[in-house]
Each structure stands twice: as structure tokens, then as C-alpha cells.
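Shown next, in C-alpha cells, is the structure this report addresses.
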Amino acid sequence: MSECPVCGAEVAISDDPVEGELLDCEECGAELEILALGPITLGEAPEMEEDWGE
Amino acid sequence: MITVAIAGASGYAGGELLRLLIAHPDAEVVQITSERLAGKFAHRTHPNLRGLTRLRFSPLGDLSSCDVLFSCLPHGASSRRIDDFRTVADRIVDLGADFRLSDATAYQRFYGKPHPRPELLGRFVYGIAELNRDALRTADLVACAGCNATASILALRPLRLEGVVESAVIEVKVGSSEAGNRATEASHHPERSGAMRSYKPTGHRHMAEIQAVLGGRVHFSATAVEMVRGILATCHVFVHPGLGLDDKALWKIYRRAYAPEPFVRIVKERTGIHRYPDPKLLAGSNYCDIGFEADPHANRVVVLSAIDNLMKGAAGQAVQAFNIMHGLPERRGLEFPGLHPA
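Chains as they are written, first to last, in the numbering used here: chain Z, 25 to 78; chain V, 10 to 351.
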């Protein structure tokens with residue numbers, strides 16, 4: 025689990041997280057990006073960019 | 010089975026309550042009353058109930074004993090009949106305004122006349138479960154809150170408890186069903202349809218309840234809009250300077266207040282068209298959806314609250330209280346999630 029930087033909700037992280045991975049916060053709907061792995065750091069994903077690594 | 014009766018079941022709140030209670034697995038509706046429609050089938054007045062009940066309206070004077078009596082009589086009527094009601098049922102849930110306040114002076118100020126039974130004020134538990142769940146568990150007399158008051162109180166109470174509110178201005182937009190099912194000049198279709206009518210800029214009666222629960226400097230205005238069911242309360246909250254309340258802090262406050270609540274949801278999405286509460290999505294459901302946003306350029310927070318006035322603002326609130334009073338799961342009979350699209 026990690027904390028959503030927008031609303032503070034707990035966000036589930038997959039067992040095998042990847043830097044640049046995108047996730048949605050279930051509570052506030054923010055699109056989040058895994059910025060770093062150790063420890064896991066989440067940030068808001070940029071809204072209008074190409075090639076986010078998906 | 011818990012036997013229940015509905016006094017004044019021909020109105021919109023009474024019809025909604027009948028809809029909920031005939032489907033409730035622990036309730037048996039044994040009697041419904043209407044003076045005007047005595048002898049008529051319920052489904053003639055509430056056509057959505059055709060095929061679901063063969064109950065007919067009885068006169069009020071024919072009420073016989075039951076476990077719980079719900080009163081949906083017009084304001085002023087239940088206080089005149091409360092002694093009769095108490096001989097009929099040990100537990101009474103009043104959806105009218107007569108026993109919502111505990112202060113006779115406030116009643117006279119907002120209702121324009123002395124309360125006929127002031128000794129009973131304060132005996133009723135105010136029916137908003139999120140405020141009074143523990144008291145409801147053992148209550149025999151319950152006064153359900155006004156619909157606008159419910160939306161406003163649920164919106165603002167977490168901030169009031171946090172001690173951050175300097176003053177607040179509540180503006181509610183309300184649907185036409187709030188005015189009841191008797192036609193008036195104001196409800197005549199050419200007058201009401203398309204209206205955006207400011208009908209109570211100050212002095213609304215529900216202000217008495219809001220003031221009693223929230224205290225402090227709170228102001229309230231109401232506007233009738235093009236909608237049948239629903240209330241959207243937009244609350245401008247002026248917070249004490251220097252607190253630095255941002256959206257994340259508000260999330261924390263509202264989550265702490267409402268995360269365990271079965272019928273209060275925080276609606277604040279980052280994107281999409283359903284980012285904030287919308288009463289259109291709540292028709293027929295018992296939810297109160299609450300959203301918020303801090304104004305970074307002022308000491309202001311905007312809190313939005315949406316309900317179905319006939320559900321969380323009346324019949325749904327009454328059934329939620331009924332469930333709590335009887336130790337039943339709070340969601341029983343209230344699972345309907347609303348419609349989309351509606």
C-alpha cells in the first residue's frame with residue numbers, strides 16, 4: 025500500500041511494481057505514476073504527454 | 010415481523026415510505042391512512058406500487074395497534090395527535106417538523122406560533138443517523154430531519170466539529186416534490202416548469218434545525234429549480250484565517266467523519282463529468298454524496314452535498330432510523346443505488 029498524494033487514500037501497489045507504472049486512486053480518481061521504487065513514491069501523472077511508458 | 014403503520018400515507022413522503030416498507034424484509038405494513046382517500050387502494054395514488062400491495066387507505070381514527078407508527082402528516086398535525094399515536098404504538102417516527110426542535114422559542118420564531126406541546130420538545134431523537142446513531146438504538150420517539158437541513162448538516166458538520174468554520178452560507182437548489190403533492194398556484198405547470206425561483210432567501214424553517222445542530226454563524230437560502238426529486242446544497246464556508254486548509258486536509262477531515270458511514274459518500278473526482286455530487290444520480294437512493302474544494306485564493310471552502318429529498322431527506326432517513334432502532338443492518342431495505350442514466 026502507498027498513499028495517494030492528492031487525497032491521502034491508501035493505494036494498492038502490485039506485487040511487481042515498475043517505475044513509470046500508472047495507477048488510479050480509487051477514491052479521488054487521480055491518475056498516479058510510480059516515480060520511484062525504493063521506497064515507493066507516487067506522483068500525479070502528467071495529463072497531456074505522449075509515451076508515459078504504458 | 011415488525012408491524013408498522015403509516016399515518017398520512019397519501020403524500021409523496023408517505024408513498025416513498027410505503028414503497029420502502031412493503032419491500033422491507035423485517036417490516037409488515039398493516040395500515041395506511043388518508044382522510045381524503047379513505048377506502049381507496051394505495052396504488053391509485055402511488056401507481057408505482059401497483060401489484061405490490063393491496064392496502065387501502067383508512068381514516069386516521071381507525072388506526073389500530075402496531076409496533077411502529079410512522080407519521081407523514083402535514084406539519085402541525087402530529088403534535089395535535091401525539092397522545093392518540095402513543096396509544097397505538099410504542100414507537101413513533103415522525104417525518105414532519107413538529108418535534109425536530111428542542112427549543113420552544115426557536116419553534117415560535119420559525120413557525121410563527123407557540124408549540125402546542127412544548128413539554129414534549131427534546132423527548133424526540135433527531136433522526137439523522139450520522140449524528141445520533143447511539144440515541145436511536147434505544148429511541149421510542151424519533152423526529153426525522155428536514156430535507157434541506159439533512160443535506161446542509163451532513164455537508165458542514167465535519168468542518169464544524171473540526172472548529173475551522175468562521176461562517177457559512179448555504180444555498181440549496183431543490184426539486185418540486187419538496188413542495189408536496191397538493192397543487193398550488195406555484196406548482197401549476199406553466200409556472201413551475203423551467204423555473205429557477207428563489208423562494209426563500211432568508212428565514213427558511215429548516216434554518217432552525219441547522220442552527221440548532223451546527224450553531225455559529227450559518228446562513229441559508231433556497232431556490233426551486235427544474236427537477237422533481239433532489240437537493241444540491243452548495244455551502245460556502247469561510248474558515249478561520251491562517252489554517253492553510255487544502256484539498257488533502259479536507260479529504261482527511263471528511264474521510265474521518267464519513268468513511269464508516271453506509272450512506273455518506275465522498276464524491277470528488279479529478280476528471281470526468283461526475284466530479285462532484287449530483288442529485289440526479291441519487292433519485293430513489295438513500296445516499297448523501299458530499300464533495301468539497303478549497304479556494305486557494307481565499308479563506309473559503311466550498312462543500313457540495315446532494316440527496317434525494319424524499320429518501321435521505323425523508324422516507325429513507327426514517328427507514329434507516331427504524332433499522333437502527335430495531336438492531337437491524339442499517340442498509341436493510343435501502344440498497345437501491347439510484348439510476349444512471351436517469
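Here a beta-carbon is modelled for each residue, glycine too, at the ideal position from N, C-alpha and C.
In its own chain, which residues sit with a C-beta less than 6 Å from the C-beta of residue i, not counting the 5 before and 5 after it?
i, result
"Thr65(Z)", "Leu59"
"Gly62(Z)", "none"
"Lys182(V)", "Thr232, Val234 and Leu241"
Assuming residue i and residue j are in contact, meaning their beta carbons sit under 8 Å apart, how far apart are those beta carbons, in whole angstroms?
i, j, result
"Ala315(V)", "Pro350(V)", "Actually they do not touch by this definition, with Cβ atoms about 16 Å apart."
"Gly322(V)", "Leu313(V)", "About 16 Å; that fails the 8 Å criterion."
"Ala138(V)", "Ile333(V)", "6 Å"
"His335(V)", "Asp35(V)", "7 Å"
What three-state label does DSSP hand residue i in the structure shown?
i, result
"Gly322(V)", "helix"
"Lys209(V)", "strand"
"Tyr8(V)", "Limits of chain V in this structure are 10 at one end and 351 at the other, which puts residue 8(V) out of reach."
"Phe331(V)", "helix"
"Val222(V)", "helix"
"Glu73(Z)", "Confidence in Glu73(Z) is poor, its pLDDT being 49 and thus under 50, which makes the residue's placement unreliable; the coordinate value appears in the next sentence. If DSSP states are grouped into helix, strand and coil, Glu73(Z) belongs with coil."
"His245(V)", "strand"
"Asp317(V)", "coil"
"Phe345(V)", "coil"
"Asp93(V)", "helix"
"Thr280(V)", "coil"
"Thr12(V)", "strand"
"Tyr263(V)", "helix"
Does the Cβ-Cβ distance between residue i and residue j come in under 9 Å?
i, j, result
"Val178(V)", "His228(V)", "yes"
"Asp298(V)", "Arg264(V)", "no"
"Cys156(V)", "Ile101(V)", "no"
"Ala204(V)", "Glu235(V)", "yes"
"Leu30(V)", "Phe79(V)", "yes"
"His84(V)", "Ala106(V)", "yes"
"Val30(Z)", "Glu68(Z)", "yes"
"Gly131(V)", "Leu145(V)", "no"
"Pro338(V)", "Ser294(V)", "no"
"Asp103(V)", "Cys153(V)", "yes"
"Phe66(V)", "Ala51(V)", "yes"
"Phe272(V)", "Gly342(V)", "no"
"Ile9(V)", "Glu37(V)", "The displayed coordinates of chain V run from 10 to 351. Any statement about residue 9(V) would go beyond what the structure contains."
"Gln40(V)", "Asp71(V)", "yes"
Excluding the 5 residues flanking residue i on each side, which residues of the same chain have their C-beta closer than 7 Å to its C-beta?
i, result
"Val173(V)", "Val248, His249, Leu252 and Leu254"
"Glu73(Z)", "A caution first: Glu73(Z) carries a pLDDT of 49, below 50, which makes its placement in the model too unreliable to give a value."
"Ile91(V)", "Arg126 and Leu129"
May I ask whether a heavy atom of the ligand NAP can be found less than 8 Å away from the beta carbon of residue i?
i, result
"Glu128(V)", "The ligand NAP is not part of the structure shown, which contains no ligands of any sort."
Within the same chain, show all residues whose beta-carbon is closer than 8 Å to that of residue i, passing over the 5 residues directly before and after it, in chain order.
i, result
"Ala113(V)", "Pro123, His124, Pro127 and Leu130"
"Ser186(V)", "Tyr21, Val237, Arg238, Asn318 and Leu319"
May I ask you to list, following chain order, the residues of the region 30-59 of chain Z that have a beta carbon less than 9 Å from some beta carbon of chain V?
Against chain V - using a Cβ distance shorter than 9 Å - the residues of the region 30-59 of chain Z are Val30, Cys31, Gly32, Ala33, Cys49, Glu51, Cys52, Gly53, Ala54 and Glu55.
Along the region 294-306 of chain V, what residues have a CB closer than 9 Å to any CB found in chain Z?
Answer set for the region 294-306 of chain V: empty.
Residues in the region 265-288 of chain V with C-beta within 9 Å of chain Z's C-beta atoms, listed in sequence order?
From the region 265-288 of chain V, only Ile275, Lys277, Glu278, Arg279, Thr280, Gly281 and Arg284 have a Cβ closer than 9 Å to chain Z.
Under 8 Å (Cβ pairs) to chain Z, residues found in the region 243-263 of chain V:
Residues are counted here when their Cβ sits less than 8 Å from a Cβ of chain Z; for the region 243-263 of chain V these are Asp256, Lys257, Trp260 and Lys261, given in chain order.
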